[in-house]
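Worksheet: the structure to be examined is printed underneath.
Number of protein chains: 4
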Amino acid sequence: MINVGILGATGYAGIETVRLLANHPNVKITRLISHSFEGKKISEIYPSLEGVLDIECVSLDVDDIAKNCDLVFTALPHGVSKDVIPGLYEKGLKIIDLSGDFRYNDVKVYEKWYGESHPSPELLEKSVYGLCELYREKIRNTSLIGNPGCYTTCSILALYPLLKASVIETKNIIIDAKSGVSGAGRTTKLDYSFCECTENMLAYKIATHRHTSEIEQELSIAAGSEVMVSFTPHLIPLKRGIYATCYANLSNNVTGDEIEKIYKDFYENEHFIRIMSPGKIPESNWVAGSNFANIGFQIDERLGRIVVCSTIDNLIKGAAGQAVQNMNIMMGFDEKAGLDMPAMYL
Amino acid sequence: MINVGILGATGYAGIETVRLLANHPNVKITRLISHSFEGKKISEIYPSLEGVLDIECVSLDVDDIAKNCDLVFTALPHGVSKDVIPGLYEKGLKIIDLSGDFRYNDVKVYEKWYGESHPSPELLEKSVYGLCELYREKIRNTSLIGNPGCYTTCSILALYPLLKASVIETKNIIIDAKSGVSGAGRTTKLDYSFCECTENMLAYKIATHRHTSEIEQELSIAAGSEVMVSFTPHLIPLKRGIYATCYANLSNNVTGDEIEKIYKDFYENEHFIRIMSPGKIPESNWVAGSNFANIGFQIDERLGRIVVCSTIDNLIKGAAGQAVQNMNIMMGFDEKAGLDMPAMYL
Amino acid sequence: MINVGILGATGYAGIETVRLLANHPNVKITRLISHSFEGKKISEIYPSLEGVLDIECVSLDVDDIAKNCDLVFTALPHGVSKDVIPGLYEKGLKIIDLSGDFRYNDVKVYEKWYGESHPSPELLEKSVYGLCELYREKIRNTSLIGNPGCYTTCSILALYPLLKASVIETKNIIIDAKSGVSGAGRTTKLDYSFCECTENMLAYKIATHRHTSEIEQELSIAAGSEVMVSFTPHLIPLKRGIYATCYANLSNNVTGDEIEKIYKDFYENEHFIRIMSPGKIPESNWVAGSNFANIGFQIDERLGRIVVCSTIDNLIKGAAGQAVQNMNIMMGFDEKAGLDMPAMYL
Amino acid sequence: MINVGILGATGYAGIETVRLLANHPNVKITRLISHSFEGKKISEIYPSLEGVLDIECVSLDVDDIAKNCDLVFTALPHGVSKDVIPGLYEKGLKIIDLSGDFRYNDVKVYEKWYGESHPSPELLEKSVYGLCELYREKIRNTSLIGNPGCYTTCSILALYPLLKASVIETKNIIIDAKSGVSGAGRTTKLDYSFCECTENMLAYKIATHRHTSEIEQELSIAAGSEVMVSFTPHLIPLKRGIYATCYANLSNNVTGDEIEKIYKDFYENEHFIRIMSPGKIPESNWVAGSNFANIGFQIDERLGRIVVCSTIDNLIKGAAGQAVQNMNIMMGFDEKAGLDMPAMYL
């Protein structure tokens, strides 16, 4: 049993973390930190939690957190975490950060795509990229996790094994990704209002979305050479779910069965990764509400191309669920603890 | 640990029962019965269950069920259960039936509203109406539960305490209820297709919906005299959720605090019932994905009337969740076992 | 051909008025007034209008409007219209105001429900309540219209003929109304964000919504005595549409055919009012995208009660469409001009 | 004024054609043919049309149609049109066929992708592919139109000018397309039920969708050499709208302004095609409810690639609207007649 705090508990990634931890067998939530809602019960802000978790939000106090928490999840607005995390790290807390700040191996990549200097480059060296299925060993031995982005997790899980196995070319990779609106977080921007989103769809930030850099970092590691991808995010009128349709040219003749074997070998014993048989294409409601990622594919023989479809719940495997999975690995808990719900389907 | 079978496992109420039981600490699912999908894995029909529950559906065989199950949930199409349940009952199985067949105290009421003779009136006498918060003791001591309807649960929970306390009149009770589309079940009727339902709303079966009779049976018991209600169901473009807005004339001057006290006394220690303070009106996403019922109210002093708003997840507290709660009571398990997830909110 | 200006053109009611007028055979849009978007083309703000209407928004200048417009629609935020309308009225412009300011016969009612003193009570006396089917003659002869609210139009159209014909009692009238989210206007409030609204439903402002007073004013006129109603608005996850389910006790034995005749006589030759035969209940997509109101009903003989279901498109018959219909009446145009599109259904 | 019949009037493409024609200034609807609803008023099946169009559906009678119609729209289930169209053609009727049967230049392409022999290859030679902006002259002079598919129109409009201008390579073209559910037509298949579609998204028929062949036919003409594309359709939880995100490698250095000029020159004076300035990406609600196609693009200089986003209303420019536009061209009417409504936005 460990004591856990959540910083930024009232945003959508934060509250999803709270929801998952509420019934975690090894966790006691001791602190919820919220600047905007200090003094309010979390169940007043999210009445879904009434009778389940009724503790009060408090303002940030590093000493108080250090005294009352073993591990913290930081789901803070961009630009706030940089002032907070070094202090928490010094106190010896384990930290799982849901922002983009600690996801990079190379500070220059961060600075190029985020357009600002990195707040604490010395910590960046110590942090581990928390894509559980790729870096489980490193995760076990770190105190600071850069929890991956939602688009990122979905895309990397789909393409990493194929690049590692050298069965696709590194040029002409296209990732056409579709996200539910909760990916934008708890926001009052008009763009995310019901009337603007429902019965609407659109692409945005074409060629410039920050997650591109995170995807390229990992796929380049997989390929052993630089990989650059077209990444196009789309806003889709649903709440939860990311769907990445990935296109790559096959580097040689390979059958569907061989592709399936590459995936199944790579993700052997990975509970949360489900590989579909050739031609079976996943739907986003097969994973919604769960920490699963489903990966299906179709080989287009006419064009010598593979189309891989990957889907996760953006709030779970794409944020809070993976964060909990990272905690489970760091603390030596059962990796499925608190994450053993099947997808909702309905 | 008991062995459980689900008959009609592939309908929406059935599969929701399966989903809830998949992680129940005291249950092993041993049989899934489906006429339409015999020989198929449940995870082929609902790929959301892949890796969680991959057992095959089998056709109905009463002897086989009796041998391999201690308790069954029957979520069968109307008209099928009548041929099945007596046989299972004779074998000594505990049965939780999700149809309307065993919800009535008076066979005549059933026959009037269902327009047909009751299949097994002798069992009707032995069955218990499974509204857990009202009949916990009887549920503990029966082998056959008539699990309440979705509209019914939501409406009765809202009005029972007020009638019991005689603070509202028995005349002029109006229940205006709104349901998500999953209430119609897994159906291919054009009426429930996406294009006909989305951006649409409608009332249906005004003054004739069968659940009216179930509501009136219980409210009459509460009042100690006959209660008849206007019950109007509406179809609303969302998946999960029922929202009942109930109108009743106050029989005397009573304050919001007094009403709150009546509810809180009546539902004392009921984990799944959450009473809002006066004037706080619940939203359906405060309960969606959970077994909770939220009840809020507003007194209209100008008119001497109370408006009670009650909301549940129609598939959980309105069907599968209440069925599991009934099982927990019957078997002496922790009543929250398998039902301890907070609502999703998002 | 008249010159028309729209004040508050960029809100949802405003832009819907613009859309309807864009193809009106007798109208030239000469001015779009928007404080927030001065200097921007309307088609930049609403790209749906590109190539259809590309004129620039300008700031408010009463003299300029008076010179360039014969008639104005005012769809201004509450509190702004009061400073503007008297000036426009003095200049001799015809005005159709979509706010609540000019809908009342009795300034005291306004002040009670709006909680503030009326901005220009002297104009209130000159204004006409613009419910076209009730006040066509008066509308023809005024320069100032108080365009009815959305909930209001839907509810009054449903109940006025029955009260007029004295077939229902004035006590125990319940109006349970459901609205799409566009009724909240173009707003950045979190409550109306996609993730908070979709898969959610709720009642709000029970017993206190301002439209109650507007409904009671008209229904009291119909009845010839004071009528007070329970009015409960609900937020429903769709864009367009209002659905009012109205309950009233029948004052004597009356058949469905008689009720139908009362409605058909009352709305004889009314193009935009469609009365359903007894027992046929309308759906909101039968009117969405059009200026029609559909009214259906069911008599509950068991309870001596009638349930009337009325539905309109809140942005059209509930706002912009009725405003255009009012203009058509005031100017002597064909009442259907600019409003002759069938409902979308899909 | 011409007399028009619609065969298959009660499907979604059929009824949308009826809706658009209901107010067309040059059209009188004289016959609605429906096998399933013979003898029923169209306004009983689609009550949205009550008071607008109340004529009865009749069964198919070629002689009767020939006598009472000048032109017919055929929106028949696949496999039915082949038995009907030759007879109508012989009678000298003008025909606009919304099926795939008359969209091909090469019968072999049809037979390969449809997996069956063509019903009337001799008529295929006489038919014209009804993509108005590409084949206006031919459309003017034919009696038989193969009205393009929805995905097809959206994709071809986006890529044709770029291939024609040789600024993109013919290899590695990817079209990732998203469609609203109405694209599936009026169907009772479970896959298109509300509960299966809402809060869900998925790709389907990867590498095998028939529209691929139609797209390749036209893009090959544009390029002057064979073009093969990856085409991936997706089902998205909205009613109306297609969004095609198209990826192509630039064949040389070209600026956004140059691309914009290529598009604007190609679509000069085309009322229904709206080209966005570089970097402005369209949203599907900018066209929903209208016959417009919006095309925007972003050049990715890092990768030497262009991403083109094209969006139409699948039921209008992707079916019924384009069919009406074809009629307008064939008959010498104003091309915008009956199609001059702005998009709904809301």
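Top to bottom, those sequences are chains S, Y, Z and X.
1 is the number of the first residue of the first sequence in the numbering used here; add one for each residue after it.
347 is the number of the first residue of the second sequence in the numbering used here; add one for each residue after it.
693 is the number of the first residue of the third sequence in the numbering used here; add one for each residue after it.
1039 is the number of the first residue of the fourth sequence in the numbering used here; add one for each residue after it.
The beta-carbon is built from N, C-alpha and C at its ideal position, and this holds for glycine as well.
Can you pull the chain Y neighbours of residue i, defined as C-beta to C-beta under 8 Å?
i	result
N26(S)	Neighbours of N26(S) on chain Y: none; closest Cβ ~15 Å, over 8 Å.
Which class does residue i belong to by DSSP, given the choice of helix, strand or coil?
i	result
G146(S)	strand
G185(S)	coil
F231(S)	strand
S905(Z)	helix
Y475(Y)	strand
Y959(Z)	coil
L1341(X)	coil
V1118(X)	coil
T420(Y)	strand
G360(Y)	helix
R828(Z)	helix
E606(Y)	helix
V799(Z)	helix
Check the Cβ of residue i against every Cβ in chain Z and list those closer than 8 Å, keeping chain order.
i	result
S576(Y)	Y939, D992, L995, R997 and V999
L1384(X)	Y704, I707, E708, S874, K931, R932 and L1007
By a C-beta neighbour count over all protein chains shown, 10 Å radius and 16 as the cutoff for buried, is residue i buried or exposed?
i	result
D1214(X)	buried
L536(Y)	exposed
R140(S)	exposed
E436(Y)	exposed
N252(S)	exposed
P393(Y)	buried
E199(S)	buried
M1(S)	exposed
K178(S)	buried
D300(S)	buried
Residues of chain S with CB under 9 Å from residue i, in chain order?
i	result
T890(Z)	V181, F194, C197, T198, P237, L238 and K239
Could you tell me which chain Y residues have their CB closer than 7 Å to the CB of residue i, listed as they occur along the chain?
i	result
D340(S)	N369
L49(S)	P688
Give me the residue from the options with the minimum Cα distance to residue i.
i	options	result
N249(S)	K108(S), N285(S) and V308(S)	V308(S)
E1308(X)	E1298(X), W1324(X), A1331(X) and G1043(X)	A1331(X)
G115(S)	Q322(S), A22(S) and G100(S)	G100(S)
M1023(Z)	M920(Z), K830(Z) and N977(Z)	K830(Z)
S182(S)	S835(Z), E888(Z), N864(Z) and T862(Z)	E888(Z)
E1252(X)	Y1148(X), H1272(X) and E1076(X)	Y1148(X)
P121(S)	L144(S), S166(S), S193(S) and R19(S)	L144(S)
S277(S)	V167(S), E283(S), F297(S) and V287(S)	F297(S)
D54(S)	I45(S), V62(S), D61(S) and L60(S)	I45(S)
K40(S)	C57(S), K28(S) and S155(S)	C57(S)
Which chain Y residues are close to residue i, counting only those with a beta carbon under 9 Å from its beta carbon?
i	result
N172(S)	In chain order: nothing, as chain Y lies at least about 30 Å away.
Y151(S)	Residues of chain Y passing the Cβ test: none, with the nearest at roughly 18 Å.
I believe residue i touches residue j by the beta-carbon criterion, under 8 Å. Please report the beta-carbon distance rounded to the nearest angstrom.
i	j	result
L339(S)	N291(S)	4 Å
Y593(Y)	I866(Z)	5 Å
T10(S)	S43(S)	So it is not a contact: roughly 11 Å between Cβ atoms.
L911(Z)	L855(Z)	6 Å
Interface residues of chain X around residue i at Cβ under 9 Å?
i	result
L536(Y)	R1224, T1225 and T1226
Kindly examine the ligand NAD and report whether one of its heavy atoms sits closer than 7 Å to the Cβ of residue i.
i	result
K585(Y)	The ligand NAD is not part of the structure shown, which contains no ligands of any sort.
Under 7 Å between beta-carbons, which chain S residues line up against residue i? List them in chain order, please.
i	result
N1323(X)	E199 and N200
Could you name the residues of chain S that residue i contacts, counting a contact when the two beta carbons are closer than 8 Å?
i	result
A1241(X)	Y243, T245, I281, V307 and C309
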